[in-house]
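Student: The structure follows.
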Amino acid sequence: MKAQTSKPVVLHEGEGDATWFIGTLMTRKAGATDGVGGVAFLDQLAPAGFGPPLHVHRREDEGFYILEGQVGFVCDGQTFHLSPGSWALLPRDLAHAYKVRGQQPARMLTFTFPAGFEGFVNELGSPAPRRTLPPEEPPDVARIASVAAKYGIEILGPPPD
Numbered sequence: 477m478k479a480q481t482s483k484p485v486v487l488h489e490g491e492g493d494a495t496w497f498i499g500t501l502m503t504r505k506a507g508a509t510d511g512v513g514g515v516a517f518l519d520q521l522a523p524a525g526f527g528p529p530l531h532v533h534r535r536e537d538e539g540f541y542i543l544e545g546q547v548g549f550v551c552d553g554q555t556f557h558l559s560p561g562s563w564a565l566l567p568r569d570l571a572h573a574y575k576v577r578g579q580q581p582a583r584m585l586t587f588t589f590p591a592g593f594e595g596f597v598n599e600l601g602s603p604a605p606r607r608t609l610p611p612e613e614p615p616d617v618a619r620i621a622s623v624a625a626k627y628g629i630e631i632l633g634p635p636p637d
């Protein structure tokens, strides 16, 4: 697959647009606006106990590579546990969610193929004034569902237990 840019894209630790997104810190490393439209690449820090709602992507496949922490996933009726060094690829059109297990945050690399998911992150989130987890606040479920629909993401239910 030929890259869409003729220049290398290099970002180091602490670089990339940082966004507070539904209780997590998402740092965009690559996306559609970077000339690499085939993939969005996000470095995600999620607090202990965090889990997005059960949802399905209609436009992209989603992959997770765990760097730190323990994460339980549910996808298409299957459950599995990922620890550092584990990878999961969740194809589009399969309902899925995850939950950070244990007492420590999880850090994971999130990939979506093709790019575009980062637009959802940017629209729903807010620029992070610092590269830390955001203050805790209850999620605005109606807003999440409304913005998600614009990006081909359907919210199906609460996060897994």
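When the letters of the sequence shown are read in order and numbered with the working numbering, they come out as residues 477 to 637.
Every residue, glycine too, gets a C-beta built ideally from N, C-alpha and C.
None of the values given here were measured: they were computed from a predicted structure.
What residue from Met502, Ala506, Thr500, Leu530 has the CA that sits closest to Leu650's CA?
Tutor: No statement about residue 650 is possible, as the shown extent of the chain runs from 477 to 637 and does not include it.
Student: I'd like to know whether the C-beta atoms of Pro636 and Gly548 end up nearer to each other than 9 Å.
Tutor: Position 160 of the sequence shown, counted from the first residue, corresponds to residue 636. Position 72 of the sequence shown, counted from the first residue, corresponds to residue 548. It is a contact, given that the beta carbons lie within the stated cut-off.
Student: To the nearest angstrom, how far is it from the Cα of Ser559 to the Cα of Gln546?
Tutor: Counting from 1 along the sequence shown, the entry for residue 559 is found at position 83. Counting from 1 along the sequence shown, the entry for residue 546 is found at position 70. Straight-line Cα distance between these residues: approximately 5 Å.
Student: Which same chain residues, not among the five before or five after Met477, have their C-beta less than 7 Å away from its C-beta?
Tutor: Along the sequence shown, read from residue 1 onward, the residue named residue 477 stands at position 1. For Met477, the pLDDT reaches just 43, beneath the cut-off of 50, and the residue's location in the model is therefore unreliable, although a value from the coordinates is still provided. Once the five neighbours on either side are set aside, the close Cβ partners of Met477 are Gly514.
Student: Can you tell me whether Thr495 is buried or exposed, with buried defined as 16 or more other CB within 10 angstroms of its CB?
Tutor: Position 19 of the sequence shown, counted from the start, is the residue given in the question as residue 495. Flag for Thr495 reads buried.
Student: Round the Cβ separation of Glu630 and Arg568 to the nearest angstrom and send it over; I've been treating them as touching at under 8 Å.
Tutor: Sequence index remark: in the sequence shown, residue 630 carries index 154 (1-based). Sequence index remark: in the sequence shown, residue 568 carries index 92 (1-based). Actually they do not touch by this definition, with Cβ atoms about 11 Å apart.
Student: Looking only at its own chain, which residues have a Cβ that is under 8 Å from the Cβ of Gly578, when we skip the five neighbours before and after it?
Tutor: The residue you call residue 578 lines up with position 102 of the sequence shown. Hits under 8 Å: Ala524, Gly545, Gln546.
Student: Do Phe587 and Tyr627 count as a contact pair if the criterion is CB distance below 9 Å?
Tutor: One-based indexing of the sequence shown puts residue 627 at position 151. One-based indexing of the sequence shown puts residue 587 at position 111. Not closer than 9 Å, so no.
Student: Whole-angstrom Cβ separation of Pro610 and Leu501, contact assumed at under 8 Å?
Tutor: For this step, residue 610 is matched to residue 134 along the sequence shown. For this step, residue 501 is matched to residue 25 along the sequence shown. Rounded, the Cβ-Cβ distance is 7 Å, consistent with contact.
Student: Can you tell me which of the three DSSP states Ser559 falls into?
Tutor: Taking the first residue of the sequence shown as 1, we reach residue 559 at position 83. Coil.
Student: Could you tell me the alpha carbon to alpha carbon distance between Lys483 and Gln520, rounded to whole angstroms?
Tutor: Within the sequence shown, numbered from 1, the residue matching residue 483 stands at position 7. Within the sequence shown, numbered from 1, the residue matching residue 520 stands at position 44. Cα-Cα distance, rounded: 25 Å.
Student: Mapping DSSP to helix, strand and coil, what is Val486?
Tutor: Counted from its first residue, the sequence shown places residue 486 at position 10. The answer is coil: DSSP assigns Val486 none of H, G, I, E or B.
Student: Which residues in the same chain have their Cβ closer than 7 Å to the Cβ of Glu599, if we skip the five residues on either side of it in sequence?
Tutor: Here residue 599 refers to the residue found at position 123 of the sequence shown. If we look at Glu599 and ignore the five residues flanking it on each side, its Cβ neighbours are Val623.
Student: Just to confirm, is the Cβ distance from His531 to Ala571 under 9 Å?
Tutor: Numbered from its first residue, the sequence shown carries residue 531 at position 55. Numbered from its first residue, the sequence shown carries residue 571 at position 95. The answer is yes: Cβ separation under 9 Å.
Student: So what does Gly539 bridge to, in DSSP terms?
Tutor: The residue given as residue 539 occupies position 63 in the sequence shown. For Gly539, which the question treats as bridged, DSSP gives the partners Leu565, Phe587.
Student: Quick check: the Cα distance between Arg504 and Glu594, rounded to an integer number of angstroms?
Tutor: Position 28 of the sequence shown, counting from 1, holds the residue named residue 504. Position 118 of the sequence shown, counting from 1, holds the residue named residue 594. Those two C-alpha atoms are separated by around 7 Å.
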